[in-house]
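Trainee:
Number of protein chains: 2
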Amino acid sequence: MSDPGPVTAIVHAGGAHVLPLLGRVEELLREVAAGHGPVLAEHAGSTIAAGGKRLRPLLVILAAGGEPDGDGLVRAAAAVELVHSATLVHDDVLDLAPLRRGRPTVFATAGRAAATQTGDLLFARAFALLARNDSPEQVRALSDAGSALARGELLQRSDAWDATISLERYLRRCELKTARLFEACCILGALEGGAGSAEALREFGRRIGLAFQILDDVLDVAGPPEKTGKHRGTDLLDGTVTLPFILARERDPDLGAIDPRAIATPAAAEAICDRIAATGALDEARAAALEHVAAAKAVIPDGLAERERAALVLVADGVVARYS
Amino acid sequence: MSDPGPVTAIVHAGGAHVLPLLGRVEELLREVAAGHGPVLAEHAGSTIAAGGKRLRPLLVILAAGGEPDGDGLVRAAAAVELVHSATLVHDDVLDLAPLRRGRPTVFATAGRAAATQTGDLLFARAFALLARNDSPEQVRALSDAGSALARGELLQRSDAWDATISLERYLRRCELKTARLFEACCILGALEGGAGSAEALREFGRRIGLAFQILDDVLDVAGPPEKTGKHRGTDLLDGTVTLPFILARERDPDLGAIDPRAIATPAAAEAICDRIAATGALDEARAAALEHVAAAKAVIPDGLAERERAALVLVADGVVARYS
């Protein structure tokens, strides 16, 4: 998903109604950014305009199936994106990140306080928007995902610099910080559309969320920097131990003995990345991600039309395409 | 409300059902803190245990009137307190505050990142809890209040260090950062109970919220420190220009010419407080707050029983009692 190609293919496969719905989501996001005070307009406007691939709104739309009338669906899709944006804004504050998607972050342009409150405001607007759908189940799904995001980040930070964290704990973190919001996309779509089983769609979302996070973690080690836009090993420099390292330390016990705090420079981090790659752990991690992708495709519900089914297969494949 | 006396009187006046309901709110808050991961349990547990006066949950309960069965009401009351707590946790991060209510803040014990995420999590749990009431109106009321809180803080920070801000802009900030959540308490109570007019109760909440904030701002200038627990003039030191200063600069034009950034020490801030007091602006600000209290009492709906009406009068008076 690093280039627009796969998303375009997904939108095309999903049918003629998908692109107009995505356009309405954009419009609604702009309305939210513009309608709640000048400070939000300035900061959230740029955050929202910076965009991204809108993968999550797209999932909401595809999971709904059919050609729903749309107002509720558009609100649900926008609400998910607002929660996602709120999280990014807060993460950038915590990471002191100057840039995201090649643009200055809210943190960089407006400072810590304005960025923290911009995130809070985006979060609150997400629920205000979703409440209009008159579906407590939707609110519950999104607020549970919001809780999970925060718990996942908390877990990541409490596990930071620990080279011995278990595979289980790593996977738990992926569930919380990534998979749950993908699940919520599918549940919201299913609740608005009703064409496919909500449980099967939830599992689809969970699986592609896990694959997405695992491949993200592989990319951090594998690079190449000219594609990822960052040095290899940035996670390690932040103290974040991920699947490639966990698998590699089984094969190269000296790796397990490393104190992550001792990895102090990009060059040192890249050297560790090379050692991880040398163990074959990257292939093993990729294989784990591909298993999740395959499992995701296998649960796409029959209740959906062929068109949505094909588009969801492309979504699952797109998670891998980021990487090829 | 600085001592437990007035709250005890309010609880007593409200009837025998109020105290058990408040107890159930406490229990639910403890459940939420304990049930979402060890990090939240540690940090939110201490935040929630540190408590405060539970004025907002109490307002929700009183605004409901009668003796409602309670599960929905207890959830609504707890949800409001969770949003309030989330805001406090984030404010402490932004203010780098070591203590709140005499206890170390989450920021102080766990750091910036954990505190930011703890706030996010409390916020998300508030909506998850409230969604169980199956009332989109309640979710909307609380998310609108959450947006207002963030907008109010944004406004305060964008107006910081500006000695010329208008009265209008100050009042707008009070509406957003304080009054809206009090309004939401009353609306939630009215929606759960249905005994009193939601619009009248909303106005009650708004008025006592404004009075609460104005008197808070008066206390910051008037002290005494042995009662407020802080130096006089801490708002000025933070660059926050409030009603006493705005009124005083009309009477003492030299004050209006001051650059707040030049007020660099507690002693300098106290000297400005003395000058503000000398103009009589504190009495004028108090009078404005008392007008809001009187207006609040005047709108208490007839639909409520005598008991709740009496308790709400005490709530309104309690805002002033903090100060005497």
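Going down the list, the sequences are from chains A and B. Per the numbering used here, the first sequence runs over residues -14 to 309. Per the numbering used here, the second sequence runs over residues -14 to 309. Just so it is clear, CB atoms sit at the ideal spot from N, CA and C, and this is done for glycine as well.
1. If you reduce the DSSP assignment to three classes, tell me which class A/R234 lands in.
2. Since B/F167 contacts B/L44 with CB under 8 angstroms, what's their CB separation in whole angstroms?
3. Tell me A/L84's beta-bridge partners as DSSP assigns them.
4. Answer with buried or exposed for B/P5, where buried requires no fewer than 16 other C-beta atoms within 10 angstroms of its C-beta.
5. Checking 8 angstroms against the spacing of the C-beta atoms, do A/A145 and A/T225 come in under that value?
6. Helix, strand or coil for A/T94? Go by DSSP, reduced to three states.
7. Taking the alpha carbon of A/L40 as the reference point, which residue from A/G190, A/D223 and A/G137 has its own alpha carbon closest?
8. Going along chain B in order, which residues have a C-beta closer than 8 angstroms to the C-beta of A/P121?
9. Whose Cβ in chain B lies nearer than 8 angstroms to the Cβ of A/H21?
10. Enumerate, from N- to C-terminal direction, the unbroken alpha helix (DSSP H) stretches of 4 or more residues contained entirely within the stretch 246 to 281 of chain A.
11. Express the C-alpha separation of B/D201 and B/A280 in angstroms, rounding to a whole number.
12. Near B/H75, what residues of its chain come up, given a Cβ to Cβ distance below 6 angstroms and the 5 sequence neighbours on each side ignored?
13. How long is the line joining the alpha carbons of A/I261 and B/L14, rounded to whole angstroms?
14. Please state if the CB of B/L134 and the CB of B/A64 are separated by a distance shorter than 8 angstroms.
15. Tell me which residues share the same chain as B/C170 and place their Cβ nearer than 7 angstroms to its Cβ, disregarding the 5 neighbours each side in the sequence.
16. Could you check the C-alpha separation between A/V284 and A/H277 for me, to the nearest Å?
17. Express the C-alpha separation of B/R136 and B/R142 in angstroms, rounding to a whole number.
18. Less than 8 angstroms between the C-beta atoms of A/G214 and A/I257, yes or no?
19. With B/P251 and B/L275 assumed to form a contact (beta carbons below 8 angstroms), what rounded beta-carbon distance in angstroms separates them?
20. Kindly list, in the order they appear in chain A, the residues whose Cβ is closer than 7 angstroms to that of B/R97.
21. Are the CB atoms of B/R110 and B/L67 nearer to each other than 8 angstroms?
22. Can you tell me where the alpha helix (DSSP H) with B/G303 in it begins and where it stops?
23. Could you give the first and the last residue of the continuous alpha helix (DSSP H) run that contains B/D205?
24. Going by C-alpha to C-alpha distance, which of A/E153, A/G194 and A/F230 sits closest to A/L267?
25. By DSSP, does B/S309 sit in helix, in strand, or in coil?
26. Measure the CB-CB distance between A/F112 and B/V24 and report whether it falls below 8 angstroms.
27. Quick check on DSSP: helix, strand or coil for A/S143?
28. What in chain B is Cβ-close to A/Q102, meaning under 7 angstroms?
29. Within 10 angstroms of its Cβ, does B/L81 collect 16 or more other Cβ (buried), or is it exposed?
30. Does any residue of chain A bring its CB to less than 8 angstroms from the CB of B/D223?
31. In the DSSP assignment, find the unbroken alpha helix (DSSP H) run with A/I46 in it and report its ends.
32. For B/P210 and A/A61, I'd like the C-alpha separation in whole angstroms.
33. Is A/R150 helix, strand or coil when you go by DSSP?
34. Taking just the CA atoms, how far does B/T94 sit from A/A255?
35. Closest to A/E188 by C-alpha separation, out of A/R165, A/V206 and A/E269, would be which residue?
36. Under 7 angstroms Cβ to Cβ from B/A126, same chain only, skipping five residues before and after it: list those, please.
Mentor: Checking against the coordinates, here is how it stands:
1. Residue state for A/R234 is assigned as helix, using DSSP reduced to three classes.
2. Indeed they touch by this definition, with Cβ atoms about 7 angstroms apart.
3. A/L84 pairs with A/P89.
4. Exposed: under 16 other Cβ atoms inside 10 Å.
5. Yes, these two residues count as a Cβ contact at 8 angstroms.
6. Here A/T94 sits in helix by DSSP.
7. When A/G190, A/D223 and A/G137 are compared, the shortest CA-CA separation from A/L40 is found for A/G190.
8. Chain B residues near A/P121: A116, R117, N118, D119, S120, P121 and V124.
9. Ordered by position in chain B, the residues that pass the 8 angstroms Cβ test against A/H21 are S132 and R136.
10. Considered as a whole, the stretch 246 to 281 of chain A harbours 251 to 263 as its complete alpha helix (DSSP H) runs of no fewer than 4 residues, in chain order.
11. Roughly 18 angstroms between the two C-alpha positions.
12. The answer, listed in chain order, is G104.
13. When rounded, the distance between both Cα atoms is 45 angstroms.
14. Going by C-beta atoms, B/A64 is not nearer than 8 angstroms to B/L134.
15. In its chain, beyond the 5 residues on either side, R41, L44, V45, A48, V65 and G190 have a beta carbon closer than 7 angstroms to the beta carbon of B/C170.
16. The alpha-carbon of A/V284 is positioned some 11 angstroms away from that of A/H277.
17. Looking at the two C-alpha atoms, the distance is approximately 10 angstroms.
18. No, they are not a contact pair.
19. Contact annotation, B/P251 with B/L275: C-beta distance approximately 29 angstroms; criterion of less than 8 angstroms not satisfied.
20. For B/R97, the C-beta contacts it makes with chain A under 7 angstroms involve L79, in order along the chain.
21. With respect to the 8 angstroms criterion, B/R110 and B/L67 are classified as neighbours on the basis of their beta carbons.
22. Per DSSP, B/G303 belongs to the alpha helix (DSSP H) from E291 to A306.
23. Taken as a continuous stretch (DSSP letters only), the alpha helix (DSSP H) holding B/D205 covers A183 to A207.
24. If we check each option's Cα against that of A/L267, A/F230 comes out closest.
25. Residue placement at B/S309 is poorly supported in this model, since its pLDDT is 48, which falls under 50; the coordinates are not used for a value here.
26. Not closer than 8 angstroms, so no.
27. Three-state result, A/S143: helix.
28. What A/Q102 touches in chain B: A135, E138 and L139.
29. Classification for B/L81: exposed.
30. No - not a single Cβ of chain A is within 8 angstroms of the one on B/D223.
31. That run of the alpha helix (DSSP H) goes L40 to A49.
32. Each residue's Cα considered, the two are about 49 angstroms apart.
33. The sequence given here has Ile at residue 150 of chain A, not Arg. DSSP places A/I150 in coil when its eight states are reduced to three.
34. The sequence shown places Glu at residue 255 of chain A, rather than the Ala named in the question. Taking the straight line joining both Cα atoms gives about 34 angstroms.
35. Selected option, being the one with the closest Cα: A/R165.
36. Answer for B/A126: A169, I172 and L173, listed in chain order.
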